[in-house]
Structure formats: structure tokens, C-alpha cells
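In what follows, a single structure is set out as C-alpha cells and then discussed.
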Amino acid sequence: MSNFPDCRFQIGQRVRVSDQGEELSGEIKAILYAETVPSWSEGCAWSRPGFTYFVEFDRPRAIHDIAHESELNEVE
Numbered sequence: 270m271s272n273f274p275d276c277r278f279q280i281g282q283r284v285r286v287s288d289q290g291e292e293l294s295g296e297i298k299a300i301l302y303a304e305t306v307p308s309w310s311e312g313c314a315w316s317r318p319g320f321t322y323f324v325e326f327d328r329p330r331a332i333h334d335i336a337h338e339s340e341l342n343e344v345e
């Protein structure tokens, strides 16, 4: 269980994400929470607060190995 009470996912959990129409799965390795996250103009994808997950994908993701909580789904 994570130390964040509102966190949907936890370290070691398997997750999946849609990346440019392709489903990828992997394991969460670390979790970061930020109240403010820079916008695209500052080189970051998210402008809303929330959890960012560092995921080791089973194969390389097209862009990066981080995902905002809104991008992730549980692996059943």
C-alpha cells in the first residue's frame, strides 16, 4: 500500500496504459505527488495536480516511462 491515502495504485502493481492507440503494460516502480505540475510550455505533459507513476513497461513506450494517474488502468 502506498503512503498516500488517495492513491489509486501502489508500487509493484501491474498497470496498463494506452499510448498512441497501443495498449502497454508494466509495473509501477515509484510514485510522485505534486500539487502543481508545469504545463507543456515548460516541457511537461500535465498542468493539473496529482500522482505521477514511474512505470517499467514490458517494452519501450513511445514517449517516456512516466504516466499521470488519469492515463493508467489496472491489469485484471
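For what it's worth, our numbering labels the leading residue of the sequence shown as 270, then goes sequentially.
Glycine included, every Cβ here is placed at the ideal spot set by N, Cα and C.
When rounded, the separation of the alpha-carbon atoms in Glu345 and Arg285 is 10 angstroms.
DSSP, reduced to helix, strand and coil, places Glu340 within a helical segment of the structure shown.
Note that the C-beta distance between Glu340 and Phe278 is not below 9 angstroms. Between Gly281 and Glu296, the beta carbon gap of about 6 angstroms places them in contact (Cβ cut-off 8 angstroms).
If you look at Glu296, you'll find it in the beta strand (DSSP E) that goes 291–303. Bridge partners of Ile335 according to DSSP: Phe323.
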